[in-house]
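Number of protein chains: 2
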Amino acid sequence: MRFTAASSFFERASEAFRSNSAYSRLLVVFAVSGGGGVVVYADAGSNHAIASEPQQPVPSKKKVVVLGTGWAGTSFVKNLDSSLYDVQIISPRNYFAFTPLLPSVTCGGVDARSVVEPIRKIMQKKGGNIRFWEAECFKIDHVNKKVLCRSTDEKNLVQNGEFSVDYDYLIIAMGARANTFNTPGVTENCHFLKEVEDAQKIRRSVMDCFERANLPNLSDEEKKKNLHFIIVGGGPTGVEFAAELHDFVSEDIAKLYPRVQDFVKISVIEAGEHILTMFDKRITQFAEEKFQRDGIDVKTGFKVIKVSDKAITMTHKDTGEVDVPYGMAVWSTGIGTRPIIMDFMKDVGQGGRRVLATDEWLRVRQCDDVYALGDCATISQRKVMDDISVIFKIADKDNSGTLSIKEIQDVLGDICQRYPQVELYLKSKQMKRFVDLLNESHGNVKKESIELDIEKFKQALADVDNQVKNLPATAQVASQQGTYLARCFNIMKEMDENPEGPLRMRGSGRHRFQPFRYKHLGQFAPLGGEQTAAQLPGDWISIGYGSQWLWYSVYASKQVSWRTRLAVVSDWSRKFVFGRDSSCI
Amino acid sequence: MRFTAASSFFERASEAFRSNSAYSRLLVVFAVSGGGGVVVYADAGSNHAIASEPQQPVPSKKKVVVLGTGWAGTSFVKNLDSSLYDVQIISPRNYFAFTPLLPSVTCGGVDARSVVEPIRKIMQKKGGNIRFWEAECFKIDHVNKKVLCRSTDEKNLVQNGEFSVDYDYLIIAMGARANTFNTPGVTENCHFLKEVEDAQKIRRSVMDCFERANLPNLSDEEKKKNLHFIIVGGGPTGVEFAAELHDFVSEDIAKLYPRVQDFVKISVIEAGEHILTMFDKRITQFAEEKFQRDGIDVKTGFKVIKVSDKAITMTHKDTGEVDVPYGMAVWSTGIGTRPIIMDFMKDVGQGGRRVLATDEWLRVRQCDDVYALGDCATISQRKVMDDISVIFKIADKDNSGTLSIKEIQDVLGDICQRYPQVELYLKSKQMKRFVDLLNESHGNVKKESIELDIEKFKQALADVDNQVKNLPATAQVASQQGTYLARCFNIMKEMDENPEGPLRMRGSGRHRFQPFRYKHLGQFAPLGGEQTAAQLPGDWISIGYGSQWLWYSVYASKQVSWRTRLAVVSDWSRKFVFGRDSSCI
Chain A
1 MRFTAASSFF ERASEAFRSN SAYSRLLVVF AVSGGGGVVV YADAGSNHAI
51 ASEPQQPVPS KKKVVVLGTG WAGTSFVKNL DSSLYDVQII SPRNYFAFTP
101 LLPSVTCGGV DARSVVEPIR KIMQKKGGNI RFWEAECFKI DHVNKKVLCR
151 STDEKNLVQN GEFSVDYDYL IIAMGARANT FNTPGVTENC HFLKEVEDAQ
201 KIRRSVMDCF ERANLPNLSD EEKKKNLHFI IVGGGPTGVE FAAELHDFVS
251 EDIAKLYPRV QDFVKISVIE AGEHILTMFD KRITQFAEEK FQRDGIDVKT
301 GFKVIKVSDK AITMTHKDTG EVDVPYGMAV WSTGIGTRPI IMDFMKDVGQ
351 GGRRVLATDE WLRVRQCDDV YALGDCATIS QRKVMDDISV IFKIADKDNS
401 GTLSIKEIQD VLGDICQRYP QVELYLKSKQ MKRFVDLLNE SHGNVKKESI
451 ELDIEKFKQA LADVDNQVKN LPATAQVASQ QGTYLARCFN IMKEMDENPE
501 GPLRMRGSGR HRFQPFRYKH LGQFAPLGGE QTAAQLPGDW ISIGYGSQWL
551 WYSVYASKQV SWRTRLAVVS DWSRKFVFGR DSSCI
Chain B
1 MRFTAASSFF ERASEAFRSN SAYSRLLVVF AVSGGGGVVV YADAGSNHAI
51 ASEPQQPVPS KKKVVVLGTG WAGTSFVKNL DSSLYDVQII SPRNYFAFTP
101 LLPSVTCGGV DARSVVEPIR KIMQKKGGNI RFWEAECFKI DHVNKKVLCR
151 STDEKNLVQN GEFSVDYDYL IIAMGARANT FNTPGVTENC HFLKEVEDAQ
201 KIRRSVMDCF ERANLPNLSD EEKKKNLHFI IVGGGPTGVE FAAELHDFVS
251 EDIAKLYPRV QDFVKISVIE AGEHILTMFD KRITQFAEEK FQRDGIDVKT
301 GFKVIKVSDK AITMTHKDTG EVDVPYGMAV WSTGIGTRPI IMDFMKDVGQ
351 GGRRVLATDE WLRVRQCDDV YALGDCATIS QRKVMDDISV IFKIADKDNS
401 GTLSIKEIQD VLGDICQRYP QVELYLKSKQ MKRFVDLLNE SHGNVKKESI
451 ELDIEKFKQA LADVDNQVKN LPATAQVASQ QGTYLARCFN IMKEMDENPE
501 GPLRMRGSGR HRFQPFRYKH LGQFAPLGGE QTAAQLPGDW ISIGYGSQWL
551 WYSVYASKQV SWRTRLAVVS DWSRKFVFGR DSSCI
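Same order as they appear, the protein sequences are chains A and B.
Counting in full-length UniProt numbering, the first sequence runs from 1 upward without gaps.
Counting in full-length UniProt numbering, the second sequence runs from 1 upward without gaps.
Written out as structure tokens, the structure is:
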């Protein structure tokens, strides 16, 4: 009875706090749109300060430090109940960028400013309990639980702008950098397409190529050289950029540079046999055929071995080495590890890996209270075979040395939660129950009556671990991980008492949280000319103008704020009416 | 009779051409908005080619080379009948920038891309008879009638991208650069505000200052230092930037950086006694009072003598030297001469001057077929006193050695055209006729009956040359000069036969064209907080919210294209609804 009373007091207090928070948010919004800002805001601020500092002393909040303002970090912060923690965000970029639209930024279809949202605006919406430092973290000291940072801009700062931040929980969401595979000359001569600045540079560079090719006294050879655009890497980013560039050239630039339009060539270099290999074969084929019709040269089976300022050297198993002169090159062959993550991996005994390994709860292995998500981490799913004897022991409640189907059914829920590959395997074989699995591995099994020993149990589960696959390094994964982790942090206290996770196989009791599960919502591959290929859940494929409109609506709805949503939509409309902008800025 | 017939044939032909031209423009517009561009455009292009190449061989067109794509160059090109000449434009910027909105770009109120229009779009609208080279002209060889140019980007080019272009007529419209008065450290440590790139850099720099000041472990002193924004120069640009920055800070940034908002300081340093001295005293006073209310520190009478990376050293006649630490400084003290203009001035015997001197028809003195307009040139108005004896001789038709009022009235129109200072003088003294001038200088004169000798004539006109004033270096002047010069070029052939200009005082016959006359349409000084001071023709002063709306409508209507007009208006609306963007890109 006392517990209920206390709980209802808490509820009432928190409700009051929440409504107060909403009230002050209202005031802030009013201040933003009203224009006569500061005074009104000051009121809202002090209201809020009163609301968040109750009269009884509260235990000091745990410090949560978030490294990075990309998809993972931002979605974590957006979904976190920031009143529970002392949150600090550290990133060299004070904004979140909607990266899937970067290829559109390269050709002026969408404006750079339309795809970014200041992280402080996002913090402001959460009530101001969060601090942000614009700095680069250069060392994670997990022993002393602190991170060392350096301002990106040294002017007027003491100690070169270096400082350290203590944490109780660390969220590493720093993303990745472009992977050059140590190919000589790439960093010096190629553009990447990971950051907003990259997209802006590519834009200027494309226009420079056209202006150069257009100068008087150039031979046709030189014009061709300047207007050869090479994209290395046939993944979604490279392909989308090639398509955007082709549209830009044929729809807008050709009219403005009629003297040189015939010299333009776009090439996509791919080391594998096909482009867009992560998509369904039908999409790959459609893309390759469309590119051929558009005159985009897709060179598969070519590996780039060197890049100079004038030519790209590549090799093919049949033809050997060739030098290809070019005007501009974009390198988009996947992601590599940031130096600080490499150092940290060495520190925690993960040296030699490509990205940080975490468990299914996004916790870095061998490292307490450090979480990693997004492109800088991967979940190393525990294998059933590694735990098979423990699982057997837990399931064998009567210690008979054999398992009845009843006993298996009792723990199957926990097993599927802990080892999602089991569920995936059942699904992929279109089996509904575990007994079907036994049927498959042992011939016709009379259900409920069978008793399994450990060998037979092992045999039944032998192939399930093949279902374990690394998640792709996409915005979708990062964003879902951020949301998941924020939820865990929001309910951490409750879960300490009433854990919701599966049975611990090694150890006793239950895991606190459900492990992270990725839900694939589909993927787009815009192919230019208002045509997009979409691979939706359930292997549903859609290609053409319809999915371009789906693309427009999904990307508009996924925008992080109403400002960017309006900006992106108005950029698109402007593109339709006036074409893309071709000024060199 | 034959002449009439020929003329009507010409009229019909030109009418046919014009309608054909309109037809192809219609097609081009359709192609732009339709999206499926190239083929349609090719049709339009060939139509046009047929229209502009009549069956009879035409004499080769004169080559007109335009240096610069600023206000003067662009307004010249826009208004030129490009079918009459072989036009080439040379500029390191392939776009026209609406410079009066640059201060708004610095604080994210308007987007950089919204204030620029690609020069090729402007060319395209004119039918494509114009060529553009993106290059820097580094030498004007007026003896051999050619200009030497260098591409701004050397990659993949022979001979370092250098080339030469021949001209028959050269239009120099290269503008000016910022004037540092050789103050040490300015170029290295200060921002300027002349180009779009400058505005973008200032924007990033403002945000960097806030991010730096916001870092942990900074003393209040250091925060203050980082958030001290200094504007050197109290002219319209500096004042408008100060006002924009103040609005940005108080309306948008203060909410996002609540920990540091109290440390912000904005100072305007002016060597003279007041800011905005080119405006009416009422505006100056209002601006100074408003800035004081806003907390903007206006320091008049201070001269900057040195800038280091941490402090600006300035001196005042009363207090002597002081060092003022700062976070960011913008240098806006007027315009200086570009090196190529200096070289050219030496070549044509104008060494030692600040800008190129032209005659009243914008022709560079001592230099045939070279015209200069905009900020790089100034009209050196011929003085009445220099020509007084010639004028007397021309007016004295009966060679009597004296002038009758009748004789003066006969040439007064030509005198006022050739020497606008005479008209200005009469206007400024509120005199309607020349005889009033005689009345003033000789007491009461009985009109029509008087005969003047040369001494009396000199005496009457003694003060008129004081009315000669250099035109301000504004967009308005440059734009009107471009329009004027284009008109001269358009009617050059007709004017060779039927000159419209005033009598030649030295030499015989008439000048071909009316000399350039500047028509002042008013000037704005936005002062922040949606208040603008406007000085309109006839000394009409308007200050406040009303003139801010006038500012909005004038600047929207003056945009060079519908695309930029829409972009600017939607940027303004976005600013009202969502505030300015504060991301560091």
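Just so it is clear, CB atoms sit at the ideal spot from N, CA and C, and this is done for glycine as well.
Could you name the residues of the region 131 to 151 of chain B whose beta carbon sits closer than 7 angstroms to any beta carbon of chain A, in the order they occur along the chain? Trp133, Glu134, Ala135 and Ser151
Asp294 (chain B) - DSSP class collapsed to helix/strand/coil: helix
Determine the closest residue to Thr99 (chain B) out of B:Gly544, B:Gly349, B:Ser479 and B:Ile405, with distance taken between C-alpha atoms. B:Ser479
Cβ contact (3+ pairs, closer than 8 angstroms) linking the region 493 to 504 of chain A and the region 403 to 421 of chain A: yes
Curious, which full-length alpha helix (DSSP H) runs of at least 4 residues does the region 226 to 305 of chain A contain? 236 to 247 and 281 to 294
In chain order, which continuous runs of the alpha helix (DSSP H) of length 4 or greater are located wholly inside the region 366 to 430 of chain A? 384 to 395, 405 to 418 and 420 to 428
Selection from B:Tyr85, B:Lys155, B:Gln459 and B:Cys488 that minimises the alpha carbon distance to Arg517 (chain B): B:Cys488
In whole angstroms, what separates the C-alpha of Thr564 (chain A) from that of Lys63 (chain B)? 47 angstroms
Apart from the five residues just before and just after Cys137 (chain A), which ones in its own chain have a Cβ nearer than 6 angstroms to its Cβ? Leu67, Ile90, Val147 and Cys149
Contact with chain A by Phe578 (chain B), beta-carbon distance below 7 angstroms: yes
For Gly295 (chain A), collect the residues of the same chain with a Cβ closer than 7 angstroms to its Cβ; drop the 5 residues on either side in sequence, then sort them by chain order. none
Can you give the beta carbon distance from Arg338 (chain A) to Arg177 (chain A), rounded, assuming they're within the 8 angstroms contact cut? 5 angstroms
To test your reading of the DSSP string, which unbroken beta strand (DSSP E) runs of 3 or more residues are found completely within the region 161 to 222 of chain A? 162 to 166 and 169 to 172
Would a check of beta-carbon distances place Ile585 (chain A) closer than 7 angstroms to chain B? yes
How about the region 241 to 261 of chain A and the region 337 to 354 of chain A: do they share at least three Cβ pairs that are nearer than 8 angstroms? no
Does DSSP put Tyr85 (chain A) in a helix, a strand or coil? strand
Flag this pair as yes or no: are the beta carbons of Tyr85 (chain A) and Pro118 (chain A) separated by less than 7 angstroms? no
Could you pull the DSSP bridge partners for Tyr95 (chain B) from this structure? B:Pro118
For the region 179 to 195 of chain B, list every residue whose C-beta sits within 7 angstroms of some C-beta in chain A, in sequence order. none
N-terminal and C-terminal residue of the alpha helix (DSSP H) that Asp571 (chain A) is part of: Trp562 to Phe578
Please identify the residue among A:Lys290, A:Ile140, A:Asp323 and A:Thr180 whose C-alpha is closest to the C-alpha of His228 (chain A). A:Asp323
Would you call the region 208 to 223 of chain A and the region 122 to 129 of chain A touching, i.e. three or more CB-CB distances under 8 angstroms? no
Beta-carbon proximity list for Ile312 (chain A), same chain, < 7 angstroms, skipping 5 on both sides: Ile230, Val304, Val324, Tyr326 and Ala329
Tell me the DSSP bridge mates of Val147 (chain A)? A:Ile140 and A:Val165
Distance check for Met495 (chain B) and Ile391 (chain B), CA to CA, integer angstroms please. 24 angstroms
Counting only Cβ pairs nearer than 8 angstroms, list the residues of chain C close to Pro118 (chain B). Protein chains A and B are contained in the structure displayed, whereas chain C is not.
Quick check: is the beta carbon of Phe244 (chain A) nearer than 7 angstroms to any beta carbon in chain B? Note that residue 244 (chain A) is Glu in the sequence shown here, rather than Phe. Chain B, which has no Cβ nearer than 7 angstroms to the Cβ of Glu244 (chain A), makes this no.
For Trp549 (chain B), the three-state DSSP class (helix, strand or coil): helix
Opposing strand residues paired with Ala329 (chain A) [DSSP bridges]: A:Ile230
Does any residue of chain A have a CB that is nearer than 7 angstroms to the CB of Phe98 (chain B)? no
Any idea what DSSP makes of Gln559 (chain B), helix, strand or coil? coil
In this structure, what does DSSP give as the bridge partners for Arg131 (chain B)? B:Gln88
Any beta-carbon of chain A closer than 7 angstroms to the one on Asn498 (chain B)? no
Beta-carbon contacts of Ile541 (chain B) that lie in its chain and below 8 angstroms, excluding the five residues immediately before and after: Asp280, Arg282, Ile283, Ala533, Ala534 and Gln535
Flag this pair as touching only if the region 447 to 461 of chain A and the region 331 to 346 of chain A have three or more C-beta atom pairs under 8 angstroms; answer yes or no. no
Select from B:Cys209, B:Leu276 and B:Ala271 the residue whose C-alpha is nearest the C-alpha of Val249 (chain B). B:Cys209
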